[in-house]
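Below is one structure, written out as structure tokens; comments come after it.
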Amino acid sequence: MATTLAEFKTAEKSWWCPGCGDFGVLAAMQRALVEMDLNPEMVTIVAGIGCSGRIGNYINSYNFHTVHGRTLPTAMGVKLANRDLTVLAAGGDGDGLAIGMSHFMHMMRRNIDITYVLMDNHIYGLTKGQVSPASDPGFVTKSTPAGNIEHPVRPLELALAAGAGFVAQGFSSNLQQLAELIKQAVQHRGFSFVNAISPCVTFNKVNTYDFYKEGLTNVDEDPNYDATDRSRAFAKVVETESMITGLIYREERPSYEDLAAGFMKAPPVANQDLNLSPEKFERLLAKFR
Amino acid sequence: MATTLAEFKTAEKSWWCPGCGDFGVLAAMQRALVEMDLNPEMVTIVAGIGCSGRIGNYINSYNFHTVHGRTLPTAMGVKLANRDLTVLAAGGDGDGLAIGMSHFMHMMRRNIDITYVLMDNHIYGLTKGQVSPASDPGFVTKSTPAGNIEHPVRPLELALAAGAGFVAQGFSSNLQQLAELIKQAVQHRGFSFVNAISPCVTFNKVNTYDFYKEGLTNVDEDPNYDATDRSRAFAKVVETESMITGLIYREERPSYEDLAAGFMKAPPVANQDLNLSPEKFERLLAKFR
Amino acid sequence: MDLISWKIGGEQGEGIDSTGDILATVCNRLGYYIYGYKHFSSRIRGGHTNYKIRISTKKVLSTSGDLQILVALDQDTIDLEYKELVPGGLIIADTKFKPHLPEGCEAALLPVPMTEMAKELGNLQVRNVIAVGVSAYLLGLPLQGFEDMVMEKFGKKKGMGEVNVQALRLGYEHAESLFSVYKDFRLAPGDGKARLLLIGNEAAALGALAGGCRVMTAYPITPASEIMQYLIPTFPQFGGIVVQCEDEIASITAAIGAGFGGARAMTATSGPGLSLMQEGIGLASMAEIPVVIINTQRGGPSTGMPTKQEQSDVFAMIFGGHGDSPRIVLTPSTTEEAFYDTALAFNLAERFQCPVLVATDLAISLNLTTVDNLDLSRIKIDRGQVANTEELLKMGRDVFKRYAVTESGVSPRSLPGQKYGQYLATGIEHSETGKVQENPDNRVNQMNKRFRKLQGLDVPGVRYNGAENPDILLVGFGSTTGAIDKVVDELTEDGVKAAHLHVRVMWPFPSKEIKAAIEKAKRVVVAENNAQAQLLRLIKMEVGHYDHVESLLKYNGNPFLPSDIMGKCREVLG
Amino acid sequence: MDLISWKIGGEQGEGIDSTGDILATVCNRLGYYIYGYKHFSSRIRGGHTNYKIRISTKKVLSTSGDLQILVALDQDTIDLEYKELVPGGLIIADTKFKPHLPEGCEAALLPVPMTEMAKELGNLQVRNVIAVGVSAYLLGLPLQGFEDMVMEKFGKKKGMGEVNVQALRLGYEHAESLFSVYKDFRLAPGDGKARLLLIGNEAAALGALAGGCRVMTAYPITPASEIMQYLIPTFPQFGGIVVQCEDEIASITAAIGAGFGGARAMTATSGPGLSLMQEGIGLASMAEIPVVIINTQRGGPSTGMPTKQEQSDVFAMIFGGHGDSPRIVLTPSTTEEAFYDTALAFNLAERFQCPVLVATDLAISLNLTTVDNLDLSRIKIDRGQVANTEELLKMGRDVFKRYAVTESGVSPRSLPGQKYGQYLATGIEHSETGKVQENPDNRVNQMNKRFRKLQGLDVPGVRYNGAENPDILLVGFGSTTGAIDKVVDELTEDGVKAAHLHVRVMWPFPSKEIKAAIEKAKRVVVAENNAQAQLLRLIKMEVGHYDHVESLLKYNGNPFLPSDIMGKCREVLG
Ligand SMILES: Cc1ncc(C[n+]2csc(CCOP(=O)(O)OP(=O)(O)O)c2C)c(N)n1
Ligand SMILES: Cc1ncc(C[n+]2csc(CCOP(=O)(O)OP(=O)(O)O)c2C)c(N)n1
Ligand code: SF4
Ligand code: SF4
Ligand SMILES: [Mg+2]
Ligand SMILES: [Mg+2]
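Chains as they are written, first to last, in the numbering used here: chain A, 1 to 289; chain B, 1001 to 1289; chain C, 2001 to 2574; chain D, 3001 to 3574.
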């Protein structure tokens, strides 16, 4: 019996502003989960702090709403404990690219099999509209009344430079593509990164739905685009200033779990009998005699 | 009267192992400072925690030995306080690329006019030999007895992706080039990054002097190399797996200080009279009436 | 009347705040004292929110449990808030949601077709302003001030000022024609003095500026963000700069770097940020670098209750870092004190070369209050002991002892740029000249010196008011002070000898003053917004255990009402 | 003799550690008890370092101020260490540096041409082993065990075992021919039982393994790194995994994630890392997720004295996070206890669903001690209250209350994978079902529930030994316990009624037990390695102030010697 959408929904009332891009990301994520026919209890979503961080409230999976910026290490921990789980991490651009930047960079190179959906609205929503590392130059916010003077973080460029094995970008309004990308990301072995453009209708009047609808092109529809060539992917992202959607780069390689000595041979940690055999223990002690 | 090398030296006994690459970095930094004819009291060196972090002990400048990983924000603070100072930050690959990764990424995009010398030995020296984010795959250390299974951080790639305006790599054994690169870096307006390859003779038996002497090529000597083209620089770094020295990329653009409203018009903060004029203060208060 | 409580409630995102601000600002200009308390949750849209404004001819320093006028934008507001209304209280409600009174509610329902009227004016956004017009009438306030206000606020956009003026008038006239029987809540006239109306965060920001701070590095967080947001455009006017950092760790270490570099520097945060800053604070303590941290306390632990009142970071501020690291912790209790104490903090940080935490709480940070004045002349900048440039020159190099062991524990510091003042500032234990040094005697000398400094703190640690040998002594800190003062006044009126001890310096703990006060009192109640009785526990630790001291804790996210404290007093007094 | 102290000193990087380890291991195998104390500084090469090994026929639990045999690899070692030597003590010195005795030194100088002999053997690295040969002779130990040892240790490399055996013999024979008059320091025979010889970090790592921990996420730091390093190759043998993270924040939050996911997980760190983990620890406390943090205390604050002994994180461990966040803090005092308490911590973390800190100190973490046994059968894994999978299925979805308010405060938790056990774990205040919830009553209920849990802690909080109504009671925690026990023994021998109260659970504070013990004693001394008297202050806070209680603090970076404590006792006893 296939999983239904209803099984992935909760009764929680929405905390988001009407029109918020996060609704689209939520719907896409739910659709992806349903299409993969996953059981809700086998899915864990780790979310950050921010408007985006509420996403777990609406999905009837196991959810962990961690502290600001620590979405990825928390998700890593869950996966280490039980690798049978499908683990997704989701959070805002502030959460992931400001306070969480280091974890983002390190999770990509560590390549643990989780999927990270960055809900990118180029602003701090929950704290009511300060500049984010993803914000464009000149962007006027509560904390940049004279316009942003910092060079923006381009998550796609970073992901390619940091060695991520799966890099994609979707748009909250294109539910079908975003759902499909999330699905592929989850199915990818190793760390997968989906940047989800998710407009904030309340505090970002520049990077609006229209802005993206006009500016984005879809590489999934470009038959000449080759998502397996890292250098070309990088050039494409630079040249389009990241205004593309689709699967940008994918590389099959063993995940951390595959490489970690003995990890895949043992059952998931959470399912193990934790009692030690006295013999094995004595063998360890012998080394100290 | 020109500054002499002696003026930049301290009487402090060395804490480093004989043969440590850090001696070369120290010498290069001192030489660069002397060649720029800077006054020791106008130089501040902010160093991290690690063997490398001791560098400030040997330079007769103002020195701030900050907490592990916080080299760059500390240095930023010093520069904000007194922009007349020449501010250098220096620290290890663990300090800068593990715990300090986020600051590294953000300082590059913020583009404050400081110079960062990363003393890269691909290992945690001070804590006696654990794997570092810069370590190569398969590298055997105390913490990776079965070999490193994480994808290494390539600081040059990251710097290019993160938008650094000055990216160079030197080698501790090539004192002259390294000194020259540090000099150019300091003279560059905005954030400048010099990755200084600095072998650890005690804990890293793989990335040795010989390893680098054989493997490195010098782009400064390549008349066809164009250090102003970011995409090509990126391709070069990828293609050579960062085994190059020289000035890799340089872009002239305004620094944070240039762009921050009014900052360059006022005298350095540290030199200002901090007393407020009652009239100006009253003008502020008026807005609350 | 001399004191009216007015409240507007509805869904978050419906313009509740700006509506309340209009009323508050106009009343302030008319010479009333305002105390505005926002109740909101940490989401952007949706969820009940309300804004209570107390308007008085005398100073008010706390919110209260009573209410005269309620503006309801939805039925939820009525259902949730009606209990606060005094008998005969008024509910101004939009007819659009078909308002009705809950059973047992004795208030009068004043239906106003606000949405409809707004539609007629062609601008739905003026709905709330219509309610302001109604309120102005009921409060007996002239419309002129309101009209000026909306012109100021909206006039920049063509036609917007005018439509708001019309909305005000419509509301006022509607009330005039239908609600003229409700005369109870007309305010006695204000004295016409336009005092200052601001929130604690703005006062703290102004205090920083006045205190010579010119560098701020911070990361947004509720309820601290306004400090940064106020200073971002303001500092550059005075040669300063604010950098929004990537996180709190960068913020604190950058501020420390700036302190080392010779600036007065600070950061501002709340609980989660404070936890992240512990290592940095320890660095400042160890390397003896001045830095100021404003901690606007909110509901904890972890992300906790970001928009709720609490005073639960006392322990973390004093004891939160690893190792033995001296710090100073100030706990201002009002908007004014947020100004003066923040300014003071910079003097203390430079005089004692250590981190100084200024701990407000959400109620101080965000509540809008009328302040008579912020007196710049009371602030004298004292940069502490800085090495003399000439003397350094005379000394020559390698002589200056940055960490000289002195009797006071304070060693004159040099600043980058001073020739022969070069030294190594380090978080590792160091010698008098600043070299890394693990010698046991040196360690003890340096540790003692760092702690000895605090003995020199010459700021009164407490404020005491009320009877000399009270029957009941109320002890508190932070915003609780307003409610306590109110209770002390009421008790005194009732003939009870009551007093208030307000702890203004939380660390080094003012043990002597507190001991004296406690021992003179018959009964003592320590009132605080946390679950662990953190202040009382400090008293137990530093002063002693007393049978006549009791604890009153409130940690449900709301500040103390005077009635909470009065209840406890009655219980204690028997 | 029954007890000999032997020390080797030289420059850091000269193989001091491995030389000491050879002696210690061989003696341990011969059936002696070892207590090895490394004195080192936080640099890799250079700087004086030494390694003191106490060898005894009975258990030893502390270092001491006396020394019988000193091996000096440089003159510095003699100059710095000779004062420790007992009259008639021996200095084995390399002739290469032309050793001489400082004025007033009553030791005998035994010059050995160690470098020269090593050169002759064609391998300079065996120099120290020659000194071991000399030592073996002076200690009256048969060479066989040493020969086996060096074959084991160096034999894998061709010829290396043999050359080391030769070196041993050369040294032994040299001593035999020249130093046969020095007979004072021959050891009484060991009992031949090869007990366990390990450092506290290894014991803690074994304790984690035995306690069911299978996930560790950590960042290297002195003096904690050995825990991670031991477990990296060990966990995989038992289905577990260790990840070296990018920093301590990732480490703690990953461990918490793993705890949520159903693993027993931990991290290990020291002071600076602890400070960085405060926010994460608060998260575990709030979201009620089991996690264990080993904190190997070292000299603070800030980077402090990374290689020096201290016990100054007591406050930070209990009170370090913002807000009111319950935690359990255990303070094992020996290598054995590091094992048992770490194992126990995982039971407590899961039973009480909260962070459990296991606080060792540098002396416990790094000192090499002989342990009779680590008894696996004493460890019973108790995973606390986990929701029943069948019952959950019967309930159906949206029914399970993850944070049910129960009498004990503990609510059964579900684990990912359990159908209908889905919930939201959050650091924000939440309802019984785990939804974000800011309602005041809910807040109070949840806060009370979280604190109520700790009342159920059923582990003895203290250990008491010695006289019932003592003339002097010594109170301590952590590694201080060894020195205190020694003093209690000596005092008892002297006819003084002495006792030792060792605090084993630092939080929740065992107030009752401590109160009872203090009130029965005539005089009390609280001995601790920190500057703020953190334990004594906790006693003051939680128990009371007593005139007969005194503080003995040592914060110069070195552990207590029994003589330090004895000195204070004599002073107190008058
Ligand atoms: C340690 C810490 N610092 C700061 C905050 C305050 N805070 C909450 S959400 C947020 C940023 C929100 O921006 P983003 O991550 O982009 O999420 P969005 O709301 O835009 O979805 C901040 C700074 C916090 N909760 N914790
Ligand atoms: C917060 C914190 N975590 C961990 C440490 C321990 N520590 C000191 S130096 C260091 C890493 C050293 O490696 P690197 O930065 O590469 O410097 P190197 O010694 O190789 O020059 C670590 C982990 C610390 N001092 N502070
Ligand atoms: S503030 Fe922006 S990001 Fe937050 S819920 Fe509203 S629209 Fe969405
Ligand atoms: S351990 Fe390595 S990095 Fe450290 S001083 Fe020695 S050689 Fe240099
Ligand atoms: Mg955002
Ligand atoms: Mg390194």
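Don't be surprised by glycine CBs; every beta carbon is placed ideally from N, CA and C. Treat the numbers as computed from the prediction; the structure is a model and nothing was measured.
Checklist entry - Under a three-way DSSP split, which group does E180/A fall into? => result helix
Checklist entry - To the nearest angstrom, how far is it from the Cα of T228/A to the Cα of R253/A? => result 12 Å
Item to check | Bounding residues of the beta strand (DSSP E) (the contiguous stretch that carries N1142/B) | outcome: The sequence given here places Lys at residue 1142/B; Asn does not occur at that position. No beta strand (DSSP E) holds K1142/B; DSSP gives it neither H nor E.
Checklist entry - What first and last residue would you give for the alpha helix (DSSP H) that runs through Q1169/B? => result Here Q1169/B belongs to no alpha helix (DSSP H); instead the beta strand (DSSP E) covers F1166 to F1171.
Checklist entry - Exposed or buried, what is P953/B when buried is set at 16 or more other beta-carbons lying within 10 Å of its beta-carbon? => result For chain B, the structure presents residues 1001 to 1289; residue 953/B sits outside this window and is missing.
Checklist entry - What span of residues does the beta strand (DSSP E) with Y2035/C cover, start to end? => result Y2033 to H2039
Checklist entry - Which whole-angstrom value is the C-beta distance of R2054/C and Y2082/C, which I expect to be below 8 Å? => result Wrong, their Cβ atoms sit about 18 Å apart, outside the cutoff.
Checklist entry - Which residue from S135/A, V237/A and H188/A puts its Cα closest to that of Y256/A? => result H188/A
Checklist entry - With a cut-off of 8 Å, does the C-beta of V1131/B fall near any C-beta of chain D? => result yes
Checklist entry - Should T3303/D be listed as close to ligand 2, given that the test is whether its C-beta is under 7 Å from any heavy atom? => result T3303/D: yes, Cβ under 7 Å from ligand 2.
Checklist entry - Using a threshold of 7 Å, is the CB atom of N1121/B nearer than that to any non-hydrogen atom of ligand 6? => result Yes, the Cβ of N1121/B comes within 7 Å of a heavy atom of ligand 6.
Next on the checklist: According to DSSP, M3305/D sits in a beta bridge with which residue or residues?
Outcome noted: G3299/D
Checklist entry - What number of angstroms, rounded off, separates the C-alpha of L126/A from the C-alpha of S2225/C? => result The straight-line gap from Cα to Cα measures roughly 12 Å.
Checklist entry - Name the residues in the stretch 156 to 179 of chain A whose C-beta lies less than 9 Å from a C-beta of chain C; which are they? => result none
Checklist entry - Quick one: is the Cβ of D93/A within less than 7 Å of any heavy atom of ligand 1? => result yes
Checklist entry - Taking the C-alpha atoms as reference points, what is the distance between Q2208/C and G2046/C? => result Contrary to the premise, residue 2208/C reads as Ala rather than Gln in this sequence. A2208/C and G2046/C: Cα-Cα distance of roughly 35 Å.
Checklist entry - Below 8 Å between beta carbons: does that hold for E3336/D and A3203/D? => result yes
Checklist entry - Whose C-alpha, out of M2266/C, L2067/C and D2372/C, is nearest the C-alpha of A2218/C? => result M2266/C
Next on the checklist: So for A2254/C, helix, strand or coil by DSSP?
Outcome noted: helix
Next on the checklist: Looking at chain D, is there any beta carbon in it that lies within less than 8 Å of the beta carbon of A261/A?
Outcome noted: yes
Checklist entry - What separation, rounded to the nearest whole angstrom, lies between the Cα atoms of I2199/C and R2570/C? => result Rounded to whole angstroms, I2199/C to R2570/C spans 32 Å at the Cα level.
Item to check | Neighbourhood of G3031/D by C-beta distance below 6 Å, restricted to the same chain and skipping five residues each side | outcome: If we look at G3031/D and ignore the five residues flanking it on each side, its Cβ neighbours are G3190, D3191, G3192 and K3193.
Checklist entry - Do A3131/D and I3092/D have their C-beta atoms closer together than 8 Å? => result yes
Checklist entry - CB of H103/A to nearest heavy atom of ligand 2: below 7 Å? => result For ligand 2, not one heavy atom lies less than 7 Å from the Cβ of H103/A.
Item to check | For L3561/D, three-class secondary structure by DSSP | outcome: Assignment of L3561/D by DSSP, reduced to helix, strand and coil, places it in the coil class.
Next on the checklist: For a test of your reading of the model: does the CB of T1141/B fall under 7 Å from any non-hydrogen atom of ligand 1? Yes or no.
Outcome noted: no
Checklist entry - Can you name the start and end residues of the beta strand (DSSP E) that E2120/C belongs to? => result Element bounds for E2120/C: not the beta strand (DSSP E) but the alpha helix (DSSP H), M2114 to E2120.
Next on the checklist: Per the DSSP calculation, E3571/D is bridged to which residue(s)?
Outcome noted: Beta-bridge pairing links E3571/D to no other residue.
Next on the checklist: Using a Cβ distance threshold of 8 Å, determine whether the stretch 1002 to 1022 of chain B contacts the stretch 1050 to 1066 of chain B, with at least three qualifying pairs required.
Outcome noted: yes
Item to check | Amino acids of chain A, ordered along the chain, whose beta-carbon sits closer than 8 Å to that of A3210/D | outcome: L276 and F281
Next on the checklist: Against chain B, with Cβ distances strictly below 8 Å, would G3046/D count as a contact?
Outcome noted: Output row for G3046/D: interface = yes.
Next on the checklist: Under DSSP, the alpha helix (DSSP H) around F1023/B begins and ends at which residues?
Outcome noted: D1022 to E1035
Checklist entry - Shorter than 8 Å from the beta carbon of M3216/D to some beta carbon of chain B? => result no
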